[in-house]
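*Asks:* Numbering (numbering that gives the first Met the number 0), first residue to last: 0 to 1040. No residue lacks a Cβ here, since even glycine has one placed at the ideal position from N, Cα and C. All figures in this text were calculated on a predicted structure; none of them were measured in a lab. Got a structure here, written out as structure tokens. Questions coming.
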Amino acid sequence: MKFFDYRMLAKRSFGLVCICLLAVTLLLPLLRSSAAACSRNNPGIIDLTGCPFDDSLNVNLDGKWEFYWNQLLTPSSINSAAKQDIKYIPVPAVWSSLPHGEEYPRYGAATYKLLVILPSGAQDYALKVSSIRTASIVYVNGERLGRSGQPGLSRQTANPQNAPYIVQFKAPAGRAEIVIQASNFTYTNGGIANSIQVGTSKAILRLEQRNRTYDTIRLSGFAFIGFYFLGQGLQRKEDRSSLELALFCFSFAVYLITHSEKLLFNLIPTISYEWFSKLQIFSTLIGYYSLSSYIYSLFPKLYSRWVLRIIIGTSLIFGIFTLVSQMHYYSQPLDYLLALNMLPIGYAIYVMIRAVLHKEIGSSYLLISIIAIGEFSFSLFANLAYGTNLYSTLPVAAPIFVLTQGLFISTRHAHAYETIKELSQQLERKDKDKDEFLLKISNELRTPLNAIINISLSLFEGSSPAMSSSQREDIRLILGTGRRLAFLVRDILDYEQIRGQRIKLYWKPIDIQSVVNIVIEVFQFLNKKGEIRIKNHIPPGVFIVEADEHRLMQVLYNLLDNALKFTDRGSVVFEAEQVDDYVHLTVTDTGRGIPKERLESIFRDYEQVNEADSLENGGLGLGLAITRKLIELHGGTIKVSSTLGRGSSFTFAIPFSQKGTYWEEPEDRQLLLTPVKSPIESLVDGAAFGESAATVTRTEDVGYYAPRILIVDDDYANLKALTNLLSLENYLISSARSGKEALTILTDERDFDLCILDVMMPEMSGLELCRIIRRTYSPLDLPILMATAGQQLHFNEAAFSAGANDFIHKPYAWSDLKGRVKTLVQLRRSVSDRLDSEISMLRAQIKPHFLYNAINTIIWMSSRDNDKTRQLLYDLSHFLRGSFDFGNQETAVPFEKELELIEAYLSLEQARFGKRLTVQYDIGISEFSLPPLIVQPIVENAVRHGLMEKMDGGTVTLATRRVGDQAVITVSDNGKGMSDDKLASLMKDGYVSTQGEGTGIGLKNINRRLLKQFGQPLQIVRGENGGIEVKITIPWKGELS
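Written out as structure tokens, the structure reads:
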């Protein structure tokens, strides 16, 4: 059974109505002309006595009028004019292009005269003057009754103004002598361009009112339709057709208001005729341009781009010419331009016909549009070519064209909607397939990506000097690209975990301020856009939330990363406030800002502010989507506000912790340790958590030399678990719950083999504490194992940059933790054994040259001074006995013993160098102890490499002073000194001889031993006399640890 298609019936009915309207408009001029069949015309006379004038009949005074060229005659003077001056010309017509080859110049003045014989009676009559170019005065029966502008015999005396007006008069004798003065010195042609109508006053006034009503309705209709299509175009920015059609409607509205009754003169009475005429031309040019551009946007494959460019170029050139020139210049080629602009209409018809043949959607509407625009173009062509008056078709054809085009666009949109609906269903299915594919690919990419990153990093950091800068840059680019891809893989995996609801949260009270500090430190390490200041305005210990440490850190990381990506300069500020049971944290930047229409979409999956972001900054647009979902998993919300060019503010709310403060000991919190087997499980139960935090735990079988470990963690449960677990491995454990407490322990008890730091702690983060420790201890003197909940690669890099030896992620795997602790402790013990070996090497480090020179000096002195020779032999014997004392493993010796060794050495050197070496002693204190062979190597370096490399030698000074509870030993010389670069690298490479006598152990060993035992490094500065000054600071009275 075939159902009746009402939609097709409606389309056909609409098309039939439109075609009938167009046909009627074509016949209107013929119907109107038949109304004047009652008139009898003779040259200069029109007899209307047979016309039944009533309130509806108007007659065109078309015929031959008397014409007086280049004369402005009044009714009183026109009758006395010479008969040879009388000419007869048809009206309406312009005098520059009269039929039968009779023409007059386009610029000039003239007088028209016509005698109209009317039915006798006392009726009131009126004339309707539509267009006399470009100024006119009308006399009836010798009386001046109407005018538009001011006619003149020259451009200086004439004032153009071609506005429609009505002349009312009486004809009691049934005769009306009409005299019209006209002049034109501006437009391309002059004369009575349109028919002058006569009728009763009521009929003429009714005609004017009807024309104005029609114009107003058409004007309002086109303006309304224009705004409708403008709104559609602004909503669909990718589709220009609606905007072009809106522009066509607006241009036609301006065309209507400047033609027919020319309502613009009523709206703006003071407008000059110059600008009025320019508006007429602009509306026409814009109409042709918008029509062509509209058809091109609909059918870009059918419409030639070159044709469009020619139309735009022609319209633009003539528009500029019109704007900058005067009317008598730009009006001359106007007729040719209008004829030329018939081509865009004809080409538009051609394109639409091709579209119909291609069976485009809405072809029925295109057929009606072709008929409407065809009639429109036919009317224009007939008016230009044959001087017809078919203007009545224009107000009908144009609305029908616009209406059918609107229906055509609506049909295309409806079809597009159905297509999109079908495609969206397909996309949903493909989206699921895509997610599964991405998940599989991401899992497969992780292993090779890690290999690429690690190999690139090893090449970059271990590159040989032979590698060029461009090769290093290429490796750096590979490394950066690999890391970016690793971040994408991480985002995809997190996204899929969230979508699959496989995210597991480890809840604990967290201080927001400490988490923000950690994230800021990570980005400062990365040095991303270092010109941007990152500020944390959140006070410590005030805003405590219940959250997962790792996921909260990931949220803050994503928000800060997003802020820095789109901020070129300025600052990023973190602020917080408590609102009811939630903490509102705000991240504010001074970046580019986000358009209002994108404020919600940026939280959607795979969405970014603009397409260029993915190319410039990388990423898939998952960061903010993951952030929003993580916050929602915590029971919070996120919102954003932004101003373009001024920045954005992201604010998220997360529940306030109701379980107490950040420092309270938990009772039933899950430990951040993976399950372990007995007997360890029995050591991490709640019963063991009652002890104080800062304690030292050792088992009974632990010996005195057991490795010592300092654990710093603000979470009491985690701290206690680590303490109990590591105690099982025979480690001595000290624990602290803050950075300040840890620094106090390190000051009092320096001899630790390992320090385990939690990254996130209140007031002082683990990264900051690590950097402070590294000011005193090198990575070999005190290894640091950093524990972090963050899984991002940047957190690991920040830990290494702060000075950590290794890192481990929470939750811990006990086997992994035990292996890392054992490795680092063995590293520390190996370094300690090496230091002891170096002390023995220092005792044995007697250079052959020194011994050879000392013996030669004693032999030379034996022939001159026996007493001095005996003293030198005693000093050499004392020096060798102190240097070769390998059995002495004391950690400290009295300063007097070290001083005897120094005096013996300097005595031998003074005997050798004579007056070139001067020694000064300024011993303020001597009742203290110090590690062996600490001062003597420094004195030897001062003599050999500071003084003796100068021709005239110099002075070495040894001084001791007490400063508070510290003993300060100073060794200074006035030798050659050293450069800033040498001084900066001294502690790294040791004091190396410039004469090639060997490197020795140098000052590195001395500095390490001082740091290990006293926590005070060597201080090496440039002396006042140009040499070098070395200071050693140790506790008074030899208080060694």
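Assign G1026 to buried or exposed, taking buried as 16 or more other Cβ atoms, counted over all protein chains shown, within 10 Å of its Cβ.
*Replies:* The residue given as residue 1026 occupies position 1027 in the sequence shown. Per the 10 Å Cβ criterion, buried.
*Asks:* Pull up the distance between the alpha-carbon of V572 and that of D430, whole angstroms please.
*Replies:* Taking the sequence shown and counting its residues from 1, the one referred to as residue 572 is at position 573. Taking the sequence shown and counting its residues from 1, the one referred to as residue 430 is at position 431. Each residue's alpha carbon lies about 37 Å from the other.
*Asks:* Is there at least one non-hydrogen atom of the ligand FMN closer than 7 Å to the beta-carbon of A172?
*Replies:* You won't find the ligand FMN in this model; it holds no ligand whatsoever.
*Asks:* Could you tell me which residues DSSP puts in a beta bridge with G1026?
*Replies:* Taking the first residue of the sequence shown as position 1, residue 1026 is located at position 1027. Paired residue(s): none; G1026 is not in a bridge.
*Asks:* Between which two residues does the beta strand (DSSP E) holding W506 run?
*Replies:* Looking up residue 506 in the sequence shown gives position 507. It spans W506 to D510 - the beta strand (DSSP E) in which W506 sits, taken as one unbroken run.
*Asks:* Is the distance from the Cβ of R146 to the Cβ of F184 below 8 Å?
*Replies:* Translated into the one-based positions of the sequence shown, residue 146 becomes position 147. Translated into the one-based positions of the sequence shown, residue 184 becomes position 185. Not a contact, by the Cβ cut-off of 8 Å.
*Asks:* Do I517 and M466 have their beta-carbon atoms positioned less than 8 Å apart in this structure?
*Replies:* What you label residue 466 is simply residue 467 of the sequence shown in a count that begins at 1. What you label residue 517 is simply residue 518 of the sequence shown in a count that begins at 1. No, these two residues do not count as a Cβ contact at 8 Å.
*Asks:* According to DSSP, G569 sits in a beta bridge with which residue or residues?
*Replies:* The residue given as residue 569 occupies position 570 in the sequence shown. DSSP lists I531 as partners of G569.
*Asks:* Quick one: grab the DSSP three-state call for K638.
*Replies:* Against the sequence shown, residue 638 aligns to sequence position 639. Strand.
*Asks:* Taking P89 as part of the beta strand (DSSP E), name the residues at either end of that continuous run.
*Replies:* Stepping through the sequence shown from its first residue, residue 89 is reached at position 90. Residues K86 to V90.
*Asks:* Can you give the Cα-Cα distance for Q1012 and R770, rounded to whole angstroms?
*Replies:* The residue labelled residue 1012 in the question sits at position 1013 within the sequence shown. The residue labelled residue 770 in the question sits at position 771 within the sequence shown. In a straight line, the C-alpha of Q1012 is about 20 Å away from that of R770.
*Asks:* Should Y715 go down as buried or exposed, given a rule of 16 or more other Cβ atoms within 10 Å for buried?
*Replies:* As a first step, residue 715 must be located in the sequence shown, where it is residue number 716. Counting the other Cβ atoms within 10 Å of the Cβ of Y715 gives 16 or more, which makes it buried.
*Asks:* So does the region 169 to 187 actually touch the region 107 to 114, counting three or more Cβ pairs closer than 8 Å?
*Replies:* yes
*Asks:* Between the alpha carbons of D712 and A741, how many angstroms are there, rounded?
*Replies:* Position 713 of the sequence shown, counting from 1, holds the residue named residue 712. Position 742 of the sequence shown, counting from 1, holds the residue named residue 741. One C-alpha to the other measures close to 10 Å.
*Asks:* Restricting to Cα atoms, I'd like to know which of T917, V514 and L444 is closest to L766.
*Replies:* The count along the sequence shown starts at 1 and reaches residue 766 at position 767. Ranking T917, V514 and L444 by Cα distance to L766 puts V514 first.
*Asks:* Take the Cβ of S194 as the centre, count every other Cβ of all protein chains shown within 10 Å, and call the residue buried at 16 or more, exposed below.
*Replies:* Taking the sequence shown and counting its residues from 1, the one referred to as residue 194 is at position 195. With 16 or more other Cβ atoms within 10 Å, it is buried.
*Asks:* What runs of the beta strand (DSSP E), each 3 residues or longer, lie entirely inside the region 234 to 280?
*Replies:* none
*Asks:* Buried or exposed: E548, going by 16 or more other Cβ atoms within 10 Å of its Cβ?
*Replies:* One-based indexing of the sequence shown puts residue 548 at position 549. Counting C-beta atoms within 10 angstroms of its own C-beta, E548 has 16 or more neighbours from the protein chains shown and is therefore classed as buried.
*Asks:* State the Cα-Cα distance for the pair F226 and A245, rounded to the nearest angstrom.
*Replies:* In the sequence shown, the residue the question calls residue 226 occupies position 227. In the sequence shown, the residue the question calls residue 245 occupies position 246. When rounded, the distance between both Cα atoms is 7 Å.
*Asks:* Start and end of the alpha helix (DSSP H) containing S76?
*Replies:* Here residue 76 refers to the residue found at position 77 when the sequence shown is read from its first residue. First-last of the alpha helix (DSSP H) with S76: P74 to I77.
*Asks:* Out of curiosity, what's the CA-to-CA distance linking R235 and N557?
*Replies:* In the sequence shown, residue 235 corresponds to position 236, counting from 1. In the sequence shown, residue 557 corresponds to position 558, counting from 1. One C-alpha to the other measures close to 32 Å.
*Asks:* How is N140 classed by DSSP in three states: helix, strand or coil?
*Replies:* On the sequence shown, residue 140 is found 141 positions in, with the first residue counted as 1. DSSP places N140 in coil when its eight states are reduced to three.
*Asks:* Which same chain residues end up closer than 7 Å to Q331 when comparing Cβ atoms and leaving out the 5 residues on each side of it in sequence?
*Replies:* For this step, residue 331 is matched to residue 332 along the sequence shown. So the list reads T187, once near-sequence residues are dropped.
*Asks:* So the alpha helix (DSSP H) D588 belongs to, where does it begin and stop?
*Replies:* Counting from 1 along the sequence shown, the entry for residue 588 is found at position 589. Element bounds for D588: not the alpha helix (DSSP H) but the beta strand (DSSP E), Y581 to D588.
*Asks:* Nearest-angstrom Cα distance between Y703 and G802?
*Replies:* The count along the sequence shown starts at 1 and reaches residue 703 at position 704. The count along the sequence shown starts at 1 and reaches residue 802 at position 803. Its pLDDT being 44, under 50, Y703 is placed unreliably by the model, and nothing is read from it.
*Asks:* I'd like to check one pair, S291 with I310: are the Cβ atoms closer than 8 Å?
*Replies:* The count along the sequence shown starts at 1 and reaches residue 310 at position 311. The count along the sequence shown starts at 1 and reaches residue 291 at position 292. Contact: yes.
*Asks:* Where do the N-terminal and C-terminal ends of the alpha helix (DSSP H) with D493 fall, by residue?
*Replies:* Your numbering for residue 493 matches position 494 in the sequence shown. It spans S468 to R498 - the alpha helix (DSSP H) in which D493 sits, taken as one unbroken run.
*Asks:* Taking just the CA atoms, how far does I497 sit from F436?
*Replies:* As a position in the sequence shown, residue 436 is number 437, starting the count at 1. As a position in the sequence shown, residue 497 is number 498, starting the count at 1. Inter-residue distance for F436 and I497 is about 16 Å (C-alpha atoms, whole angstroms).
*Asks:* Just the C-alpha distance for N449 and A485, rounded to the nearest angstrom, thanks.
*Replies:* Here residue 449 refers to the residue found at position 450 when the sequence shown is read from its first residue. Here residue 485 refers to the residue found at position 486 when the sequence shown is read from its first residue. Distance between the alpha carbons of N449 and A485 is about 8 Å.
*Asks:* Just to confirm, is the Cβ distance from D805 to R819 under 8 Å?
*Replies:* Taking the sequence shown and counting its residues from 1, one reaches residue 805 at position 806. Taking the sequence shown and counting its residues from 1, one reaches residue 819 at position 820. Taking C-beta atoms as the reference points, D805 and R819 count as a pair closer than 8 Å.
*Asks:* Could you tell me the distance, in whole angstroms, from the CA atom of N57 to the CA atom of P268?
*Replies:* As a position in the sequence shown, residue 57 is number 58, starting the count at 1. As a position in the sequence shown, residue 268 is number 269, starting the count at 1. Distance between the alpha carbons of N57 and P268: 28 Å.
*Asks:* Starting from the C-beta of T917, find all residues in its chain whose C-beta is less than 6 Å away, skip the five residues before and the five after it, and write them out in chain order.
*Replies:* By 1-based counting over the sequence shown, the position of residue 917 is 918. These residues qualify, in order along the chain: T954.
*Asks:* Beta-carbon separation of G590 and T642 under 8 Å?
*Replies:* On the sequence shown, position 591 is the one that residue 590 refers to. On the sequence shown, position 643 is the one that residue 642 refers to. Not a contact, by the Cβ cut-off of 8 Å.
*Asks:* Closest to E631 by C-alpha separation, out of A705, S468 and V554, would be which residue?
*Replies:* Position 632 of the sequence shown, counted from the start, is the residue given in the question as residue 631. Minimum Cα distance to E631 is reached at V554.
*Asks:* Indicate whether the contact test is met: 3 or more Cβ pairs, each with one atom in the region 930 to 939 and one in the region 903 to 918, closer than 8 Å.
*Replies:* With the cut-off at 8 Å, the region 930 to 939 and the region 903 to 918 touch.
*Asks:* As a quick exercise: from W1035, R943 and K169, pick the residue whose alpha carbon is nearest that of D123.
*Replies:* Along the sequence shown, read from residue 1 onward, the residue named residue 123 stands at position 124. With distances taken between CA atoms, D123 lies nearest to K169 out of W1035, R943 and K169.
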